[in-house]
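Asks: Using this note's numbering, read the sequence shown as starting at 2 and increasing by one per residue.
Cβ coordinates follow ideal geometry from the N, Cα and C atoms, glycine included.
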Amino acid sequence: MKKQKFVVFDGNAVVHRAYHAMPPMTTKKGELVNAVYGYSSMMLKVLAELKPDYVAVAFDMQAPTFRHEEYKEYKATRVKGPEDLYEQFLRVREVTEALNIPIFEKKGFEADDIIGTLACVAPKGIEVIIVTGDLDELQLVDKRTKVYTMRRGFTDTVLYDEKAVLDRYGFGPDKLVDYKALRGDPSDNIPGVAGIGEKSAMSLIQKYGSVENIYKNIDDLTGSLKNKLEAGRENALLSKRLSQIVCDVSVKLNLDKCCTYDFDRQKVFKVFQELGFKSLLNRLPKEELQQGLFAEGSNSAKTALAKEDKIHIKKADYKIITEEKDLDKLTKSFAKEKIIAVDTETDSQIAVSANLVGISISKKEGEAYYIPVGHEVKSEKLKVKSDGFRTSQNDETNLDSRQLPKELVLEKLRPILENKRVKKVGHNLKYDYIVFKNAGITLNGIYFDTMIVAYLLNQNLRSPKLDDVAFSEIGIEMIHIHEIIGKGKNEINFKDAEIEKAYKYACEDADVALRLYHHLREELAEKKQKGLYERIEAPLIPILAEMEIAGVLVDEKVLEKSSREMGSRTKKLEKEIHKMGGDVFNINSPSQLQKILFEKLRLQEKIDDPRELKKLKSGGFSTGAGELEKLSGTHKIIGKISEYRELTKLKSTYLDTLPNLINPRTGRIHTSFNQAITATGRLSSSDPNLQNIPIRTEEGKEIRKAFIAPKGKKLLCVDYSQIELRIVAHISGDKVMTETFRRADRDIHTATAAKVYGVKESEVTANMRRNAKAVNFGIIYGVSPHGLKQSTGMSREEAHDFIEKYFKVHTGIKKYTKEIIEVAKKVGYVDTLFDRRRYLPEINSNNFAVRGQAERMALNMPIQGTAADLIKMAMIEIAKDLPKISPDTQMLLQVHDELVFEVPDKDIKKVTKFVTDKMDNVIKLSVPITAVAESGQNWAECK
Numbered sequence: 002m003k004k005q006k007f008v009v010f011d012g013n014a015v016v017h018r019a020y021h022a023m024p025p026m027t028t029k030k031g032e033l034v035n036a037v038y039g040y041s042s043m044m045l046k047v048l049a050e051l052k053p054d055y056v057a058v059a060f061d062m063q064a065p066t067f068r069h070e071e072y073k074e075y076k077a078t079r080v081k082g083p084e085d086l087y088e089q090f091l092r093v094r095e096v097t098e099a100l101n102i103p104i105f106e107k108k109g110f111e112a113d114d115i116i117g118t119l120a121c122v123a124p125k126g127i128e129v130i131i132v133t134g135d136l137d138e139l140q141l142v143d144k145r146t147k148v149y150t151m152r153r154g155f156t157d158t159v160l161y162d163e164k165a166v167l168d169r170y171g172f173g174p175d176k177l178v179d180y181k182a183l184r185g186d187p188s189d190n191i192p193g194v195a196g197i198g199e200k201s202a203m204s205l206i207q208k209y210g211s212v213e214n215i216y217k218n219i220d221d222l223t224g225s226l227k228n229k230l231e232a233g234r235e236n237a238l239l240s241k242r243l244s245q246i247v248c249d250v251s252v253k254l255n256l257d258k259c260c261t262y263d264f265d266r267q268k269v270f271k272v273f274q275e276l277g278f279k280s281l282l283n284r285l286p287k288e289e290l291q292q293g294l295f296a297e298g299s300n301s302a303k304t305a306l307a308k309e310d311k312i313h314i315k316k317a318d319y320k321i322i323t324e325e326k327d328l329d330k331l332t333k334s335f336a337k338e339k340i341i342a343v344d345t346e347t348d349s350q351i352a353v354s355a356n357l358v359g360i361s362i363s364k365k366e367g368e369a370y371y372i373p374v375g376h377e378v379k380s381e382k383l384k385v386k387s388d389g390f391r392t393s394q395n396d397e398t399n400l401d402s403r404q405l406p407k408e409l410v411l412e413k414l415r416p417i418l419e420n421k422r423v424k425k426v427g428h429n430l431k432y433d434y435i436v437f438k439n440a441g442i443t444l445n446g447i448y449f450d451t452m453i454v455a456y457l458l459n460q461n462l463r464s465p466k467l468d469d470v471a472f473s474e475i476g477i478e479m480i481h482i483h484e485i486i487g488k489g490k491n492e493i494n495f496k497d498a499e500i501e502k503a504y505k506y507a508c509e510d511a512d513v514a515l516r517l518y519h520h521l522r523e524e525l526a527e528k529k530q531k532g533l534y535e536r537i538e539a540p541l542i543p544i545l546a547e548m549e550i551a552g553v554l555v556d557e558k559v560l561e562k563s564s565r566e567m568g569s570r571t572k573k574l575e576k577e578i579h580k581m582g583g584d585v586f587n588i589n590s591p592s593q594l595q596k597i598l599f600e601k602l603r604l605q606e607k608i609d610d611p612r613e614l615k616k617l618k619s620g621g622f623s624t625g626a627g628e629l630e631k632l633s634g635t636h637k638i639i640g641k642i643s644e645y646r647e648l649t650k651l652k653s654t655y656l657d658t659l660p661n662l663i664n665p666r667t668g669r670i671h672t673s674f675n676q677a678i679t680a681t682g683r684l685s686s687s688d689p690n691l692q693n694i695p696i697r698t699e700e701g702k703e704i705r706k707a708f709i710a711p712k713g714k715k716l717l718c719v720d721y722s723q724i725e726l727r728i729v730a731h732i733s734g735d736k737v738m739t740e741t742f743r744r745a746d747r748d749i750h751t752a753t754a755a756k757v758y759g760v761k762e763s764e765v766t767a768n769m770r771r772n773a774k775a776v777n778f779g780i781i782y783g784v785s786p787h788g789l790k791q792s793t794g795m796s797r798e799e800a801h802d803f804i805e806k807y808f809k810v811h812t813g814i815k816k817y818t819k820e821i822i823e824v825a826k827k828v829g830y831v832d833t834l835f836d837r838r839r840y841l842p843e844i845n846s847n848n849f850a851v852r853g854q855a856e857r858m859a860l861n862m863p864i865q866g867t868a869a870d871l872i873k874m875a876m877i878e879i880a881k882d883l884p885k886i887s888p889d890t891q892m893l894l895q896v897h898d899e900l901v902f903e904v905p906d907k908d909i910k911k912v913t914k915f916v917t918d919k920m921d922n923v924i925k926l927s928v929p930i931t932a933v934a935e936s937g938q939n940w941a942e943c944k
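1) Just to confirm my understanding: we take residue 915, look at its own chain, exclude 5 residues before and 5 after, and list those with CB closer than 6 Å. What are they?
2) What span of residues does the alpha helix (DSSP H) with residue 593 cover, start to end?
3) Rounded to the nearest angstrom, how far is the Cβ of residue 22 from that of residue 89, given a contact under 8 Å?
4) Are the CB atoms of residue 521 and residue 474 within a distance shorter than 8 Å?
5) Can residue 329 and residue 413 be called in contact, C-beta distance under 8 Å?
6) Can we count residue 87 as close to the ligand MN, meaning its CB is less than 7 Å from some heavy atom?
7) For residue 461, which residues from the same chain have a beta carbon less than 6 Å from its beta carbon, with the 5 sequence-adjacent residues on both sides left out?
8) Pull the bridge partners of residue 937 from the DSSP assignment, please.
9) Helix, strand or coil for residue 953 per DSSP?
10) So residue 85 is in the alpha helix (DSSP H); what residue range does that whole segment cover?
11) Which partner residues of residue 705 appear in the DSSP bridge assignment?
12) Ordered along the chain, which non-local residues of its own chain (more than five positions away) have a Cβ less than 6 Å from that of residue 410?
13) Could you name each continuous alpha helix (DSSP H) segment of 4 residues or more that falls completely within the segment 842 to 892, going from the start of the chain to the end?
14) Is the separation between the beta-carbon of residue 270 and that of residue 281 shorter than 8 Å?
15) Specify the secondary structure class of residue 44 as computed by DSSP and reduced to three states.
16) Measure the C-alpha to C-alpha separation of residue 3 and residue 156 and round it to an integer number of angstroms.
17) State the beta-bridge partners of residue 151 as determined by DSSP.
18) Could you spell out the range, first to last residue, of the beta strand (DSSP E) harbouring residue 347?
19) Rounded to whole angstroms, what is the Cα-Cα separation between residue 48 and residue 259?
20) Taking all protein chains shown into account, do 16 or more other C-beta atoms lie within 10 angstroms of the C-beta of residue 63, making it buried, or fewer, making it exposed?
21) Let me know if residue 147 comes out buried or exposed under the rule of 16 or more other beta-carbons within 10 Å of its beta-carbon.
22) Rounded to the nearest angstrom, how far is the Cβ of residue 553 from that of residue 708, given a contact under 8 Å?
23) Report yes or no: do three or more beta-carbon pairs, one from the segment 830 to 840 and one from the segment 861 to 880, lie closer than 8 Å?
24) Apart from the five residues just before and just after residue 243, which ones in its own chain have a Cβ nearer than 8 Å to its Cβ?
25) Can you list, in chain order, the residues of its chain whose CB lies under 6 Å from that of residue 14, leaving out five sequence neighbours each side?
26) On the three-pair Cβ rule with 8 Å, is the segment 577 to 584 touching the segment 598 to 606?
27) Identify, in the order they occur along the chain, each residue of the same chain with its Cβ nearer than 8 Å to the Cβ of residue 339, setting aside the five sequence neighbours on each side.
28) Counting along the chain, where does the beta strand (DSSP E) carrying residue 536 start and finish?
29) What residue ranges within the segment 599 to 682 form continuous alpha helix (DSSP H) runs of no fewer than 4 residues, ordered along the chain?
30) Under the assumption that residue 342 contacts residue 511 (Cβ atoms under 8 Å), give the Cβ distance between them as a whole number of angstroms.
31) For a minimum of 4 consecutive residues, which ranges assigned as the alpha helix (DSSP H) are wholly contained in the segment 35 to 81?
32) For residue 299 and residue 617, I'd like the C-alpha separation in whole angstroms.
33) Answer with buried or exposed for residue 53, where buried requires no fewer than 16 other C-beta atoms within 10 angstroms of its C-beta.
34) Looking only at its chain, what residues have a beta carbon closer than 6 Å to the beta carbon of residue 453, apart from the 5 residues adjacent to it on each side?
35) What did DSSP end up calling residue 840 once you bin it into helix, strand or coil?
36) Where DSSP assigns a beta bridge to residue 895, which residues make up the other side?
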C-alpha cells in the first residue's frame, strides 16, 4: 500500500511567480486576476498530478517577523511589488477557501516557517510535498519530504528529493543553510560573507560540511579566502540564523480538515464564474465523485467529468419533434410569438459547407424543441426498437427514419423563419442564416445575436462561444459538445450522434440564447450600445452572410505557378544566407539561427546598445522579427533572412493553402467574416485570413492575381483614402491637418513634412515625406522616439526632436492625445463617433507596461474603431440599393478600408459611381471623405 500524501502550498511564492509569468487577465468588471488564475491553475495541476490525500496553504502575514527583530536590514532592499499584485491576494484566499483548503499563517513568522512546521508535525508514514516558487524550502527535503517547484516560467516544474538536491549542489539538503550563510541572499538582504561566491561556497561546504566546522578549521585555509572568512565570521553566523527555517511554530494540524475532496463544487463554481475561470471548471472533481478522487488508483478529474451524467440546467422542458402533428402544433404556437430563439445543428463548422442535421427553437426560458432532420444511423446497428419507430436497413448509412423529412420540416417552418415580424434571437446568427439559405430558407427578422452583443459589452471575453458567454454572464455550465460526439480518435460527426443523446444539447443552445437575450438587452441599453447594435451590427449580419455564400473565384493555376516561383526564390535565398553565415544551417530553427547571428557573426556587438535586444529564458538572444529589425544595417544577412521568412510565410499561408480552401462545388473561396474578434470593431476574416495579404509588395500582388472575376465580369475595388488620418483631423480638430485635407490638391504627408522641416512643399524629399508618413500613422498608435527610430532609421535623438516639432505644428493632435487618455482613466473606456466602446480597466494599472499598452489602445481605438464603423455603415447603405442599380453585382470582400465587388462589364461605370457616392457620403466629417475605385480582371489589377 502506497503512502498517503500531504501537499503544502507556499501561497506567497506561487502567487508571485504566477503574477510575473501569466499575461494580464481581467474579469468582466476590469479586475486584474492573472495571479489568481495562475495560482488556481497550479493548484489544480498539482492536485491532478500528485493526487494528494491532504492539502494545505501557508501565507506570509503583513507584519515583521523574528528575523526583522534580529536584523533590521532583513529584506530591507527588496523592492515592493506592484500594487495590483497585492490586490489579488484577497481573491487568492477566496479561491482557497472555496476549495475548502485550510490556510495556515502566524504573526512573527514567514510562510516558510509554517511549511517547515507542518512538514515536521505531519504524522509519520505520510509523504510531504511542498509546492513553491523558489528554492528556500529545499533545506526541508528529507526521506519523506520533497519540494515541487517551478524552474522557468510557470509550467516547467521539477520535483526535488534528496538525490536531486545532492546532484544539483554536491551536498545534501541539510547543508543548504550553511551554503546560504556563506553566499548570502541578495533578495532577502542576507549578507553572507563578502567576497564568497557560489563556487567558493559550494567548495567549502562540500569539504567542511557546515559554517561552524569551517571556522573550527579556519587555520587550514590561507590567503584572501581565509581573510574574507575571518572578516565575515559574524555575518556568516547571522546569515545562517536568518536562513534557517524554523520547524516549531505554534500551529495545530488537523489532517481531517485538509482532505482534498471536502469542498462545495457550487461554491467554487460561483467564484470561478465571477473571475471568468471557465477553463478551470473541467479540472475540478465532481460532487458525486469527490471522496478519494485524487487518491492513488482513482480516476482523474478529467475522467470523472467524462463519466458524469450531469444536469446542466435544472427544470428544463426539452422535447424532440418527430411527428407531423406535433410539428403542426409547434409551428402554430411559434407563429404567434414576437421573439423566438433559433439554432441549427449541422455536420460541419464551416457554414457554407454545412448540411442541416437539426433545428432547435425556443420561445420561453426552460422550454425548447429539437427537430432532427439529418441524423444518420449505421445499418449494422439498426434494429427494430420496442418503441415502434420505423427503421431502414438498406445501405451502410441511412437517415434515422424516426425523423420527419427535411423538406417537410423546412416548409412547415418557412412562414416563421422568413417572417420579419417574428424576431429571431440566436448565438452567431450569421452561421444559421447561411445554413438555412443553403437549405432554401431566408432567415428574416434577425434581431438579437447574443455573441455580438456580449462582445460589444465586453471585449475582454475569453471566448465568444456560447458556452463561455453563458458561463460568464448567467452562470450556466452547458453541455459540452464532446459529451455528445466524443473526442480524439473516438470523435464522431454530429450527424452520427443518437437523437436521444443530441437533443438536450441542441435544445440547450436555443434555451440559453433566449436566456442571454433577456440578460443582455438591459445592459446593452444601459451602456448606450443599443443604437450601435441596431444601426450597424445587426443589419450587417445578413450582408456578411451573403458575401460568404457568394465567395470569390480563384484561379488555381495562378496559385500553383506563383508557388513554384516563390519556392525557387526561397531556395536561392537559402543558399545566399548559408554563404553569408559561413555554414549550412536550418534558417527556421531559432537556436541554429541564434548561433550564426550572435555567436559566429557577433551582430549584437554592432549596435549601439545590445541591451535593447530581447533575451530568452535560456540566456540567448531572440531571433524574432522585432529583434532582427533592430539589427538591420549590421549585416546583409539580416535583410535576406527577413525576405526569406516573408516568402516562406506567404507561400505556406496562401499559395500552398488557398487551393485546399476552394469549394469543389462552387470553385470559389468562401472566407468567414468575424464581427466579434477585434476590440476596435474592425471585421476580421478567417479560412483564409485575407487581411494579412501584403498590399504593396510584389509577392502580395502575385497572391491577389489569383482572385479573379468570371467571364463577362470584373472585380471592382473601392478603398477609403487615408480614412484614419481624416478621422484624426475630425476628432482632434487639428487646424493644420484639417486645412490640408480640405484642399484636394495637397498630399498630407508632404504637407506634414514641409511644416515640420520648415521647407516649401516643393522642397520636401522622399526621405522627409517617409518620416512624416511614419509619424502621421504612428500617432494613432502612440508612437515613441524608440518606435520612430525603428521604423525610419533615425537616431533616438532625431526621432525625439521630430515628434516634438510635429506636436508644435499639430497642436490639436497633441491636445487630443493628452485628453483622450485622461478621459479613459476617468471613465474606464474610450469610444468611437458612433458610441462603440472599448473598456480599458488596465489604464489605471500600477504596472507600467500594462498601463502603457492601455494608453496606446486609448489613442488608437477611437480612430480605428470609427473607421471600422464607417465602412460597415457604407456596406449597409450599399446593400440596400445595389440590387436596384445592378441586380447581378455582388459584394464579395471587405479587407481593411476596401470593399471588393463582382460586377458585370456592362454595369461597371454606374456601379462605380453608386458605390463611391455611398462611401463618400455615409456621414459628414469636418474634412472630405474620399473613396477611390479601381477595376480589373483580378484583384491585383485593382491596385
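Replies: Checking against the coordinates, here is how it stands:
1) Numbered from its first residue, the sequence shown carries residue 915 at position 914. Here the set comprises 886.
2) Here residue 593 refers to the residue found at position 592 when the sequence shown is read from its first residue. Per DSSP, the unbroken alpha helix (DSSP H) holding residue 593 starts and ends at 591 to 595.
3) For the purposes of this step, residue 22 is identified with residue 21 of the sequence shown, where counting begins at 1. For the purposes of this step, residue 89 is identified with residue 88 of the sequence shown, where counting begins at 1. Not a contact, Cβ separation roughly 14 Å.
4) For the purposes of this step, residue 474 is taken as residue 473 along the sequence shown, with counting starting at 1. For the purposes of this step, residue 521 is taken as residue 520 along the sequence shown, with counting starting at 1. Result yes, Cβ atoms of residue 474 and residue 521 sit closer than 8 Å.
5) On the sequence shown, position 328 is the one that residue 329 refers to. On the sequence shown, position 412 is the one that residue 413 refers to. Yes.
6) Because no ligand of any kind appears in the structure shown, any question about the ligand MN cannot be addressed here.
7) For the purposes of this step, residue 461 is identified with residue 460 of the sequence shown, where counting begins at 1. Closer than 6 Å at Cβ, skipping near neighbours: 27.
8) Sequence index remark: in the sequence shown, residue 937 carries index 936 (1-based). BP columns for residue 937 point to 716.
9) What the structure shows of the chain is the stretch from 2 to 944, and residue 953 is not part of that stretch, so it cannot be assessed.
10) Sequence index remark: in the sequence shown, residue 85 carries index 84 (1-based). Start and end: 84 to 87.
11) Here the question's residue 705 lines up with position 704 in the sequence shown. DSSP, once it has assigned bridges, lists no residue as partnering residue 705.
12) Sequence index remark: in the sequence shown, residue 410 carries index 409 (1-based). If we look at residue 410 and ignore the five residues flanking it on each side, its Cβ neighbours are 372, 374.
13) Those alpha helix (DSSP H) runs which fall completely within the segment 842 to 892 and span 4+ residues are 849 to 886.
14) Mapped onto the sequence shown, residue 270 falls at position 269. Mapped onto the sequence shown, residue 281 falls at position 280. Against a cut-off of 8 Å, the Cβ pair of residue 281 and residue 270 comes out as no contact.
15) Residue numbering aside, residue 44 sits at position 43 when the sequence shown is read from its first letter. Helix at residue 44.
16) For the purposes of this step, residue 3 is identified with residue 2 of the sequence shown, where counting begins at 1. For the purposes of this step, residue 156 is identified with residue 155 of the sequence shown, where counting begins at 1. It is roughly 27 Å from the alpha-carbon of residue 3 to the alpha-carbon of residue 156.
17) Position 150 of the sequence shown, counted from the first residue, corresponds to residue 151. Answer by DSSP bridge pairing, in chain order: 158.
18) By one-based count along the sequence shown, residue 347 stands at place 346. For residue 347, the uninterrupted beta strand (DSSP E) segment begins and ends at 340 to 347.
19) Mapped onto the sequence shown, residue 48 falls at position 47. Mapped onto the sequence shown, residue 259 falls at position 258. Rounded to whole angstroms, residue 48 to residue 259 spans 13 Å at the Cα level.
20) Stepping through the sequence shown from its first residue, residue 63 is reached at position 62. Exposed: under 16 other Cβ atoms inside 10 Å.
21) In the sequence shown, counting from the first residue as 1, residue 147 sits at position 146. By the neighbour-count rule (16 or more Cβ atoms within 10 Å), residue 147 is buried.
22) Position 552 of the sequence shown, counting from 1, holds the residue named residue 553. Position 707 of the sequence shown, counting from 1, holds the residue named residue 708. A Cβ-Cβ separation of about 5 Å places residue 553 in contact with residue 708 under the 8 Å criterion.
23) In short, these stretches touch, since the Cβ pair count reaches three.
24) Residue numbering aside, residue 243 sits at position 242 when the sequence shown is read from its first letter. Short of 8 Å from the beta carbon of residue 243, and not among the five residues preceding or following it, lie these beta carbons of its own chain, in chain order: 68, 71, 72, 75, 189, 191.
25) Counting from 1 along the sequence shown, the entry for residue 14 is found at position 13. Counting only residues of its own chain and dropping the five nearest sequence neighbours on each side, residue 14 has a CB closer than 6 Å to the CB of 133, 134, 135.
26) Result yes; three or more Cβ-Cβ pairs closer than 8 Å.
27) The residue given as residue 339 occupies position 338 in the sequence shown. Same-chain partners within the cutoff: 422, 423, 424.
28) Counting from one through the sequence shown, the residue named residue 536 turns up at place 535. It is not in any beta strand (DSSP E) - residue 536 carries neither H nor E in the DSSP assignment.
29) Assignment of alpha helix (DSSP H) within the segment 599 to 682, counting only whole runs of 4 or more residues, yields 626 to 631, 637 to 651, 659 to 662 in chain order.
30) One-based indexing of the sequence shown puts residue 342 at position 341. One-based indexing of the sequence shown puts residue 511 at position 510. Contact between residue 342 and residue 511 holds: CB atoms are separated by about 4 Å, below the 8 Å threshold.
31) Annotation: the segment 35 to 81 contains the following complete segments of the alpha helix (DSSP H) (minimum length 4 residues), in chain order: 35 to 51, 67 to 71.
32) Numbered from its first residue, the sequence shown carries residue 299 at position 298. Numbered from its first residue, the sequence shown carries residue 617 at position 616. With a pLDDT of 38 at residue 299, under the threshold of 50, the modelled position of this residue cannot be trusted; read the value that follows with caution. If I take the Cα positions, the gap works out to 40 Å.
33) Residue 53 sits at position 52 when you count from the first residue of the sequence shown. Buried, by the Cβ-count rule.
34) Residue mapping note: residue 453 aligns to position 452 of the sequence shown, counting from 1. Counting only Cβ-Cβ distances below 6 Å, and skipping sequence neighbours, we find 538, 676, 677.
35) The residue labelled residue 840 in the question sits at position 839 within the sequence shown. Strand.
36) If you number the sequence shown from 1, residue 895 lands on position 894. According to DSSP, which records beta bridges pairwise, residue 895 is partnered with 900.
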